[in-house]
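In my numbering, the protein residues as written are 631 to 1373.
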Amino acid sequence: MPTTEIWHGHLMESGLLMFLIKVVKMNCMFKNKMGLNRQRLLSSGGGPYKYRSLWSPDSKMILLSDRSQNLYYYDVQSKKKTNVIYSGAGEITDFSWSPDNKWIAYTDPSQRGTNRIHLYNLADKSNRPATDEWYDAFNPRFSPDGKYLYFVSTRDYNPVYSNTEWNHAYVDMAKIYVLHLSNATPSLFKNENDEVNASASETPKKEAPATESKASSKDKPGAKPEQTKEPEMSVKVDWDGILNRVEALPLDPGNYFGLQPTKDGLYYRFAGFNKPGTVKYMEMKDKKEKSIGAFGTFILSQDQKKVLVSKGPVYYIEDAPKGELDPKNKLDMSDVKMTVDRKAEWSQIYFESWRQMRDFFYDPEMHGVDWTKIRDKYAALLPHVNHRNDLTYLIGEMIGELNVGHAYVNDGDRPDREIVSMGLLGGAFERHSSGFYQIKKILKGASWSSSLKSPLNEIGLNIKEGDFIIAINGNSVKTMSNIYEGLIGKAGVMVELTVNSQASETGARKVFVKPVSNESELYYTDWIQTNIEKVNTASGGKIGYIHVPDMGPGGLSAFARYFYPQLEKDALIIDDRGNGGGNVSPMLIERLRRELVFGNSVRNGDQATTRPAQIHLGPKVCLIDQYSASDGDLFPYQFKHYKIGKVIGQRSWGGVVGIRGSLPFVDGGDLRKPEFAHFDPVTNEFVIEGYGVDPDIEVVNDPYQEYMNNDTQLNRAIEELLKELKENPAKKLTIPPFPKKNK
């Protein structure tokens, strides 16, 4: 199997890249940069996916973590491997060395509690938490003098109240904190004595220089000046009271990361709610924060004198700044060229795909599939791969053997192709016998929304369905094979339309419109409004309708947009069909299953209010189909579990083994690996995956009827709710007689 080379470097004081690590067949090797042919294998036996590697300051040890959720280090000379910790909660990817090479600080992840920072001592192998269990803490970094441990922690609670309901959210919770490792280290904000010291104000007397009996060494000819040797660095940790020796830097709460301590201060990245990310610096002497600038890369050299920064694709090397940085010294990459053996690269990507799935797939038994056999089966086709599309197809076939959802492979380097965007007018047209085009439908969109403006429905145009388009930019549409011939490349470009209420050039008028490149949102909005109108008409205004397109921010916004205005409806249809998935279904379910606790009366109010306030009291149904996917599967499962109402339609997709961030390939492509599966805690069996969620009432939509605007599933939902409302009429809360307390 081809090897994988992933190089990591260590910057020495000279600023040169002296040592490199590479992962070969998932083993660790290192090379001396000054002798590239000298390399030594540090580990054997392969093993799972390796994460970040970090050299010790003295370059004698390498700290690593892997997918087995171990953190360990190698002694380069002896090749001895020492395990620091195994975490059952997740991978350990956040760690650092102390400046004396004797301590390791790392973030211990937690699934249900808080992430805590631990300190590991290499001498006695002790391993203890350095932060408490009440607040998440991460990004531990030792100060160069070994006195402090900088870290980030979420300890600020400043709730933001929701405008849609009486609820809250917490944002910008983090600050940078300083842990004093020794009891002897004074506070960063120690109180100074502001009283005048009388003796200190006196002018000190000058003492006569001592008479030397012998000539000083500096007076001797040829003598070398004496060099004062600095004491050897040694980090001291006093465990007694360590949790109480934490101070906060004077910073606004936000999101902090990328801590890089220096002798005099600290570089870090900051981003906040609706605040762009930027690099900042604080000098510890005056505790003043200064902005450095917005950079994609900001890496401090080992001697802390230089920084590597990037803006977009351009890199610069500059002196380490203490204030705003305007980079000038561009790193010239014009002569950096490489020859790529595509066949070798594609082979490497293929085997890395196989390894990633082996190491990350949620089931270590790989669904009972002989994964090694599958690797070899499809590897036989590698010599015939002649395009990146071929490779993507081959990897897709390989991972398809696992029979699981969310197993995707995305393309990397492929030849770019120029796409000429078609201008679209937000409507449907039909060629008239006159040769002109008649407008059969105008998508209304929403004139108040920049993303939903429909070109033909702009305010002031006064174009109506049934009108004719006579010409585009002065060119008669009669001469065009298709109306879109006049709109090629016109997306976002102002276009002159000649329109008329009659199929004639006589009496025509000219208007200006700006075509859009995509009409999907306009058609989707039109479908939503059509369904709302259909439900409203069929139920006499008693039933509300909500479609949730996905379980991400878009779906959450759609739910909020249509849920709160329809709380007064007697019944609700929640349409989960075609849901693209995400992760917000618990938020929706929480709102739908609220139970009434109180009715509230207010002076002069004609009706009672409720607590919880934003609660829908009537019956509900959920619509699903074979395109209800991922979290769109989990939603109807919870809907049924909590007995919120009936589920109507077709069995859902059945893909709920979740994914997280990708591990990019060398050419920029990536693989999505199913890592999190759902099981029923009562039956102790995995659920939904590969099957989906069954409806309570199965209704299959006929595609032709659906095209003709006859939605059988929606019709059945209306029918079921009307039947339920007839059997159990909606009850409004009535305010009871007020109490008499005069007796």
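Note that beta-carbon positions come from the ideal geometry of N, C-alpha and C, so glycine has one too.
Whole-Å CB distance - residue i paired with residue j, under 8 Å assumed
| i | j | result |
| --- | --- | --- |
| Y765 | R771 | Contact doesn't hold; Cβ gap of about 18 Å is too wide. |
| Y897 | Y911 | 5 Å |
| D738 | N745 | 7 Å |
| Q986 | L1293 | 6 Å |
| D971 | D1297 | That belief does not hold up - the Cβ atoms of D971 and D1297 are roughly 12 Å apart, past 8 Å. |
| A1159 | Y1194 | Going by the sequence as given, residue 1159 is Gln instead of Ala. Wrong, their Cβ atoms sit about 18 Å apart, outside the cutoff. |
| R1207 | S1258 | 6 Å |
| K1199 | G1174 | 4 Å |
| N1331 | T1342 | 5 Å |
| L614 | N1161 | The question about residue 614 has no answer here: the residues shown for the chain are numbered 631 through 1373. |
Residue i burial status per 10 Å Cβ neighbour count (16 or more: buried)
| i | result |
| --- | --- |
| S695 | buried |
| P1369 | exposed |
| G1057 | buried |
| H640 | Its pLDDT being 39, under 50, H640 is placed unreliably in this model, and the value from its coordinates should be taken loosely. Burial call: buried. |
| W1157 | exposed |
| M963 | exposed |
| G776 | buried |
| D1310 | exposed |
| A1037 | buried |
| E1149 | buried |
| T784 | buried |
| S1111 | exposed |
| D1263 | buried |
| F928 | buried |
| S1079 | exposed |
| W976 | buried |
| L961 | exposed |
Under 8 Å between C-beta atoms of residue i and residue j
| i | j | result |
| --- | --- | --- |
| G1285 | G1035 | yes |
| V1165 | I1348 | yes |
| F1269 | I979 | no |
| G884 | A804 | yes |
| D1255 | G1279 | yes |
| I1176 | I1219 | no |
| N1209 | P1179 | yes |
| I922 | P891 | no |
| L590 | V909 | The first residue shown for the chain is 631 and the last is 1373, placing residue 590 beyond what the model contains. |
| F1306 | G1288 | yes |
| N751 | W733 | yes |
| K1303 | F990 | yes |
| M691 | Y702 | no |
| I1069 | I1089 | no |
| E913 | G888 | no |
| G1053 | L1117 | yes |
| E616 | K1108 | Missing from the structure shown is residue 616; the chain here goes from 631 to 1373 and no further. |
| F585 | K941 | The structure shown does not extend to residue 585, since the chain is modelled only from 631 through 1373, so no value can be given for it. |
| S698 | P729 | no |
| G1320 | N1019 | no |
| Y778 | Y787 | no |
Euclidean distance between Cα positions of residue i and residue j
| i | j | result |
| --- | --- | --- |
| E1115 | P1325 | 46 Å |
| I1072 | K1362 | 40 Å |
| G1275 | P1266 | 10 Å |
| S983 | R1281 | 32 Å |
| P774 | D705 | 22 Å |
| D762 | W869 | 13 Å |
| M1124 | I1102 | 11 Å |
| D724 | S689 | 19 Å |
| P687 | W727 | 7 Å |
| V944 | G1119 | 31 Å |
| Y1153 | A1188 | 15 Å |
| A767 | V808 | 11 Å |
| T682 | I722 | Strictly speaking, residue 682 in this sequence is Arg, with Thr absent from that position. When rounded, the distance between both Cα atoms is 9 Å. |
| P789 | N769 | 24 Å |
| Y1008 | I1318 | 29 Å |
CB contact below 8 Å: residue i versus chain B
| i | result |
| --- | --- |
| K1303 | The displayed structure is made up of one protein chain only, and chain B is not part of it. |
Are the segment 1082 to 1089 and the segment 1134 to 1151 touching by the rule of at least three beta carbon pairs closer than 8 Å? yes
Does the pairing of the segment 701 to 716 with the segment 870 to 878 give three or more beta-carbon distances under 8 Å? no
Counting pairs of beta carbons, one from the segment 1345 to 1363 and one from the segment 1241 to 1252, are three or more of them closer than 8 Å? yes
Evaluate the contact criterion for the segment 1203 to 1214 versus the segment 1228 to 1243: three or more CB pairs, one atom per stretch, below 8 Å. no
Between the segment 1116 to 1132 and the segment 1090 to 1099, can you find at least three pairs of beta-carbon atoms closer than 8 Å? yes
With a cut-off of 8 Å, do at least 3 Cβ pairs link the segment 1016 to 1024 to the segment 951 to 970? no
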